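Undergrad: Quick one: structure below, then a few questions.
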Amino acid sequence: MIDQASLLTDLNAAQQQAVSAPLNNLLILAGAGSGKTRVLVHRLAWLMEQEHVSPQQILSVTFTNKAAKEMQSRVEQLLHIDTRGLWIGTFHSLAHRLLRLHYEEAKLPQSFQILDSNDQQRLVKRVMKSIGLDDKQWSPREAQQFINRHKDKMKRPQNISCEASDFHTQTNIKIYQHYQQQCDADGLVDFSELLLRVYELFRDHPTVRQHYQQRFHHILIDEFQDTNRLQYAWLKQLKTPDNYMMAVGDDDQSIYGWRGAEIANIQQFQQELGDVHLIRLEQNYRSTQNILEAANAVIAQNTDRLGKSLWTDSSRGEPIALFTAFNEQDEAQFVVKQIQGLLMQGYRRDECAILYRSNAQSRVLEEQLLYHDIPYRIYGGLRFFERAEIKSAMAYLRLVHHPADNEAFERIINFPTRGLGDKTVEHIRATARELNTSLWAASQHCIAHKSLPTRALTALQSFVALMTHLQEQQTELDLPELTKLVIEHSRLIPHYEKEPRDQGQARIENLGELINASKQFYVSDEAEGMSPLAAFISHAALESGELQADQHQDSVQLMTLHSAKGLEFPIVFMVGMEEQLFPAKQSAYDPKRLEEERRLCYVGITRAQHKLYLTHAEYRRLYGENAPHTASRFLREIPKELVEEIRLRNEIRRPLSYQKPIKPHANTPRLNTGHTSWHVGQMVTHAKFGEGMVLNYEGNGPQARIQVRFGNGDSKWLVASALTV
DNA sequence: GTGGCCTCTCTTTTT
DNA sequence: GAGAGGCCAC
């Protein structure tokens, strides 16, 4: 038991007010760095300890698995209690849980499977093909977005007004219709569908809804500004006059409008719930005065705000550094030089973050970091469970678990290739359509009726035999053993051994890692009534896999501005502060989207604790074209007195690759990339000396001299035509 | 079934 | 400029 005082110590007045607020609906507008998560965690603890709310009566919703985990562990740390019974999770994981419990009312088969966006795309494509749409003329990607956008607005195909819509929309409606039919027939549920089904479940089954309304006395929602219409509607269904909602959010940090988030939900929350106690957390504990003032000045340019002004009593701190680079190479060099200096001053590498607007910007930075032997870590990119090899292995597991899983069947029927080409598969599909069964059942039918050429038939027979064997093992083996067996029998490893060394090797390692993941999962299995295998499969779909946690080595952090949200770093570099790039050119002309870009800028600035560097380049190679860039308007929005422009002295900085492009000679031993110029940090290969890195260059054309440092540490001047990129 | 060549697109991303 | 995806030829 924890006493009241200790739940409130180290909290400021507004935070205390939020944590200890009387039972009421609460809207907490929590500015960047104002201790939002802390308030949420302490409020949870307060409810349990002071208001004697049992964990079972609390529902706490977040957006990411990471946030859910963090909240859970912080509550446990604070209270030293078991938080089982507490419903805490992402919208999707909670929806999944509800659907598993109420699959019948939700009109789903018990064995329903989750479709991740990748699977969804594949299915959309197949559906489009099956209704005879030319996928040159119709984009599957657009159709997928159409479907999700409408699901997120609780729209079924029949609810999208047909009369007014053009041919284009009508086609999309048709795709949506057929796609949904296919999902329903196969028991497949995509991400939006998880939420929509729960919404419809609550809507159509008052008893179920009432059960949860009565159960959850308290509903807490984090990152409220990121909720879309469906998510908000879903929460509201659980709301009664007798329970309480607490929403925490920051309209200034809403950066996901492009995927359906509606800031308007915040205003609606106040209006619709009527009795809402509003608390603003405006004291920032993260940044220096300079950084905060810059952030405030930028965000003040937005008109569409609820209004909030962050303040801090920390010191003024260092000025914000502004650097104008010649080009992106120069910019990267500057950043790395500064980092080297900071490391000398005693900062750790992982205290430095480089933030950029788009992933494509990371490459130049990587090259420079590599060149200077500074370890770095890039966030983003493919997650573990999204990797092709993992998805394939998972498809084998899915088919073991549930033979009627057509999605899984399609994925592995001929992967690795086993002589079951398009024609055979099309025959199986046709049979399945005819008999109205799964592809798996259709395969068995084809075998029984020998309705395929001998060659294909034999191949299909051995595939069916393999899967049957694995299915039989299911009951004998535990999850890790089964995973191991499935990977062995899938022949994925020999398949990847044939791939170019490094890539195939990495894939094989990942498959080993999958066995590990299944072991870990098996131990901490939290499924309710599901078999470990079924739970593992859902887990893989719902949690694309945290970045490998073991990479705890001290390294410079590189990520997009979006993925930096919620994080903080003593040192932050925001690079590429240029028009066309940031704000992105696609957003620059639409006032609404421009405001979102500005909020993104605000998010970036407020990540910094001690020192913020802003850099931009006068020229940048973008989409293969080297073009002059003007400074971002956001730079002008920062008051001059907060900024110190950095000019490098004692150094003649000369433009690198773009002003002195050295075209490799046509006879240069094969270029495998289309590089037309050399740049410092570039990796090159010499027939005799092996791989090395460009240090410098002189001259032009095939006779240009390139200075290269090789693996053994030697550096040599060589003629350009002797080098391969 | 695979490799080579062509065209297309190119913000952000969680679940 | 580069990756992805489609298409065609072997």
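Each residue of the first sequence is one higher than the last, beginning at 1437 in the working numbering. Backbone N, C-alpha and C define an ideal beta-carbon position, used for all residues, glycine too. Just so we're clear, the structure is a prediction, and the values are computed from it rather than from any experiment.
When DSSP labels each residue in this structure, what does residue 2064 get in the three-state scheme?
TA: strand
Undergrad: Am I right that residue 1684 and residue 1829 are in contact with their C-beta atoms under 8 Å? What's the rounded C-beta distance?
TA: About 39 Å; that fails the 8 Å criterion.
Undergrad: Considering residue 2006, what are the terminal residues of the beta strand (DSSP E) in which it resides?
TA: The continuous beta strand (DSSP E) containing residue 2006 extends over residues 2005-2010.
Undergrad: How close, in whole Å, do the beta carbons of residue 1896 and residue 1888 come, if the pair is a contact with beta carbons under 8 Å?
TA: 6 Å
Undergrad: Just confirm the distance between the C-beta atoms of residue 1661 and residue 1686, as a whole number of angstroms; I'd bet it's less than 8 Å.
TA: 6 Å
Undergrad: If distances are taken between C-alpha atoms only, which option among 1972, 2010, 1926 and 1530 comes closest to residue 1671?
TA: Between residue 1671 and the set 1972, 2010, 1926 and 1530, the nearest pair of CA atoms involves 1530.
Undergrad: Determine the closest residue to residue 1574 out of 1632, 1561, 1931 and 1916, with distance taken between C-alpha atoms.
TA: In this structure, 1561 is the residue among 1632, 1561, 1931 and 1916 with its C-alpha nearest to the C-alpha of residue 1574.
Undergrad: With DSSP as the reference, label residue 1445 as helix, strand or coil.
TA: Per DSSP, reduced to three states, the secondary structure at residue 1445 is coil, with no helix or strand assignment.
Undergrad: Using 8 Å as the threshold, is the region 2006-2019 in touch with the region 1775-1789, meaning 3 or more CB pairs across them?
TA: yes
Undergrad: Using the rule of at least 16 other Cβ atoms within 10 Å of the residue's Cβ for burial, across every protein chain shown, is residue 1787 buried or exposed?
TA: buried
Undergrad: On the DSSP bridge list, what partners appear for residue 1815?
TA: Note: residue 1815 sits in no beta bridge, so no partner.
Undergrad: Spatial neighbours of residue 1741 within its chain, please: CB distance less than 8 Å, with the 5 preceding and 5 following residues excluded, ordered by chain position.
TA: 1687, 1688 and 1735
Undergrad: Can you check which of these residues, 1868, 1941 and 1975, is closest to residue 1525 by C-alpha distance?
TA: Taking only the C-alpha atoms, the option nearest residue 1525 is 1975.
Undergrad: Curious, which full-length alpha helix (DSSP H) runs of at least 4 residues does the region 1529-1581 contain?
TA: 1553-1566
Undergrad: Just the C-alpha distance for residue 2081 and residue 2054, rounded to the nearest angstrom, thanks.
TA: 15 Å
Undergrad: Buried or exposed: where does residue 1445 fall if 16 or more other Cβ atoms within 10 Å of its Cβ makes it buried?
TA: exposed
Undergrad: What separation, rounded to the nearest whole angstrom, lies between the Cα atoms of residue 1750 and residue 1681?
TA: Answer to the nearest angstrom: the Cα atoms are 33 Å apart.
Undergrad: Roughly how far, in whole angstroms, is the beta-carbon of residue 1810 from the beta-carbon of residue 1775, given that I think they are within contact range, below 8 Å?
TA: 6 Å
Undergrad: Looking at the unbroken alpha helix (DSSP H) that takes in residue 1922, where does it start and where does it end?
TA: 1915-1926
Undergrad: On a Cα-Cα basis, can you pick out the residue from 1860, 1566, 2066 and 2028 that is closest to residue 1611?
TA: 1566
Undergrad: Beta-carbon separation of residue 2117 and residue 2145 under 7 Å?
TA: no
Undergrad: Please report the distance separating the alpha-carbon of residue 1463 from that of residue 2058.
TA: 43 Å
Undergrad: Could you pull the start and end residues of the alpha helix (DSSP H) that residue 1772 belongs to?
TA: 1764-1780
Undergrad: Answer yes if the region 1489-1500 comes into contact with the region 1511-1524, meaning at least three C-beta pairs across the two stretches below 8 Å, and no otherwise.
TA: The way I'd put it, the region 1511-1524 does touch the region 1489-1500; three or more beta-carbon pairs between them come closer than 8 Å.
Undergrad: Residue 2047 by DSSP, collapsed to three states: which one?
TA: strand
Undergrad: What is the DSSP secondary structure of residue 1954, counted as helix, strand or coil?
TA: helix
Undergrad: In the DSSP output, what is residue 1892 paired with across the bridge?
TA: In DSSP, residue 1892 forms no bridge with anything.
Undergrad: Which same chain residues end up closer than 6 Å to residue 2163 when comparing Cβ atoms and leaving out the 5 residues on each side of it in sequence?
TA: Nothing can be reported for residue 2163, as the shown portion of the chain is limited to 1437 through 2161.
Undergrad: Rounded to whole angstroms, what's the CA-CA distance from residue 1696 to residue 1585? Just pull it up for me.
TA: 7 Å
Undergrad: State the Cα-Cα distance for the pair residue 2154 and residue 2075, rounded to the nearest angstrom.
TA: So the two alpha carbons sit approximately 49 Å from each other.
Undergrad: Drop a sphere of 10 angstroms on the beta-carbon of residue 2108, count the other beta-carbons inside from all chains shown, and report buried for 16 or more, exposed for fewer.
TA: Since pLDDT at residue 2108 reaches only 23, below the 50 mark, its modelled position is unreliable, and no value is offered.
Undergrad: Answer with buried or exposed for residue 2025, where buried requires no fewer than 16 other C-beta atoms within 10 angstroms of its C-beta.
TA: exposed
Undergrad: So residue 1478 and residue 1443 are in contact, right, with Cβ under 8 Å, and what is the actual spacing, rounded?
TA: 6 Å
Undergrad: Round the Cβ separation of residue 1995 and residue 1816 to the nearest angstrom and send it over; I've been treating them as touching at under 8 Å.
TA: 6 Å
Undergrad: With contact counted as at least three CB pairs below 8 Å, one residue from each stretch, are the region 1612-1625 and the region 1833-1842 in contact?
TA: yes
Undergrad: For residue 1758 and residue 1656, what's the separation of their Cα atoms in angstroms?
TA: 41 Å
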